[in-house]
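Here the sequence shown is numbered in the UniProt record's numbering, starting from 11 and rising by one per residue.
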Amino acid sequence: AMKSIARRSDLKAYVEKTPAIYQLLQSAAAKYVTGEKRQDGLEAGRRLVDKGYAISLEYIGENTTDVQACEAAALELSLLIQALAERKIPARVSFDLSHIGLSIDGELAYKHLTALASQAQQVGIELFVSMEESAKTDSILWIYERAAAAYANIGITLQTQLNRTTQDLNDLQPVPGRIRIVKGAYQEPEQQTIPRSSALNERYLQLVEQAIRKGHRVSIATHDESIADEVIKREWIHEPGVEFEMLYGIRPDLSSRLKNAGYPVRIYLTYGHEWYLYLCHRIAEYPPNLFQAVLDITDV
Ligand code: FAD
11 AMKSIARRSD
21 LKAYVEKTPA
31 IYQLLQSAAA
41 KYVTGEKRQD
51 GLEAGRRLVD
61 KGYAISLEYI
71 GENTTDVQAC
81 EAAALELSLL
91 IQALAERKIP
101 ARVSFDLSHI
111 GLSIDGELAY
121 KHLTALASQA
131 QQVGIELFVS
141 MEESAKTDSI
151 LWIYERAAAA
161 YANIGITLQT
171 QLNRTTQDLN
181 DLQPVPGRIR
191 IVKGAYQEPE
201 QQTIPRSSAL
211 NERYLQLVEQ
221 AIRKGHRVSI
231 ATHDESIADE
241 VIKREWIHEP
251 GVEFEMLYGI
261 RPDLSSRLKN
271 AGYPVRIYLT
281 YGHEWYLYLC
291 HRIAEYPPNL
301 FQAVLDITDV
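In structure tokens form, the structure reads like this:
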């Protein structure tokens, strides 16, 4: 439901023109989003790097249907890559293909993706493509596979909750890029998915094993402590290129425990004006956040 709320432009317009609500929601979002500006992401990222974390940075946005706005998003990502290189901050840059053209024309997204990959490759930065709702999976994989064949510095996110993912992972065997495994943040048609459950967790572990065995570098992107503990118990965390990755603001106790135990942990930070959208996503995947937001807002 929060997904559809995120897309209701009337609600967004209402929030934007009602200063009290705008400020309240913005303060709730501050837990998950570093700020509106590139500088906010860079500063928060630098602090985490100094503490011993690796980082990913996302400029928030999706479903952009205006060509100029897609160009602007690609430009922002390009400036981000440049800023990271200049400041020597080792970071991965993450984004949605629908932010840079997929909602208009796959070729526009492809053009932007390859231009960014070429720029990033010259400064030793890795890019990461997020996975969006299942209606887009085929086109995202198609664009990714073509781009990754030319640029080894692009990785892709796969969602455990989709039935099709085991096959998709098989098909990615010839593509050298890193694979990030997530549970999946989108509400999907029931017949195509497995809901949050121990069966889903088992499948998550199977996908991690499958990806490692096929020689991929793997990001285990979850805040589920039972999965993290299992990955350690099975010693997969010692395989080359395997790491934990978690969202900024979620389970910091778990990320610091894992880092302090000596495991590689990456924190995924976001910045941008679309913090409202990002807040809706975090609430949708974990509804208790709605209550937390109300508590934060009312300062109880
Ligand atoms: P869950 O079973 O959902 O949660 C496990 C525990 O983590 C919960 O009990 C709770 O304690 C805590 N928790 C989880 N979510 C929250 C939250 N929002 N707020 C507070 N606590 C929480 N999804 C996509 O569909 N596409 C992507 O490209 C994508 N990229 C991601 C990249 C990274 C680095 C990460 C970490 C996640 C990404 N996700 C993506 C989101 C992912 O699909 C899940 O929705 C999200 O990680 C929550 O699932 P979980 O694995 O933590 O397990």
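Built from N, CA and C at the ideal position, the CB exists for glycine as well.
Relative to Ala238, the option among Ala84, Asn211, Ile153 and Val103 whose CA is nearest is Asn211.
Contact annotation: Glu81 and Ser108 have beta-carbon atoms that are not nearer than 8 Å. Contact annotation: the region 287-304 touches the region 36-44, with at least three C-beta pairs closer than 8 Å.
Residue pairing by DSSP places Thr44 in no beta bridge whatsoever. The criterion of a C-beta distance shorter than 8 Å is satisfied by Tyr214 and Thr170. In this structure the region 15-31 does not touch the region 264-277; the number of beta carbon pairs closer than 8 Å is below three. Rounded to whole angstroms, the Cβ separation of Ile222 and Phe254 is 14 Å, and the two are not in contact under 8 Å. Ala162 and Asp106 have their C-alpha atoms some 18 Å from each other. Per the Cβ contact rule, the region 80-99 is in contact with the region 121-130 (3 or more Cβ pairs under 8 Å). Taking every protein chain shown into account, the CB of Glu53 has fewer than 16 other CB atoms within 10 angstroms, so this residue is exposed. Straight across, the Cα-Cα distance linking Glu200 with Leu89 is about 40 Å.
Beta-bridge partners of Gly165 (DSSP): Phe138. Using a cutoff of 7 Å, the CB of Val192 counts as near the ligand FAD, since one of the ligand's heavy atoms is closer than that.
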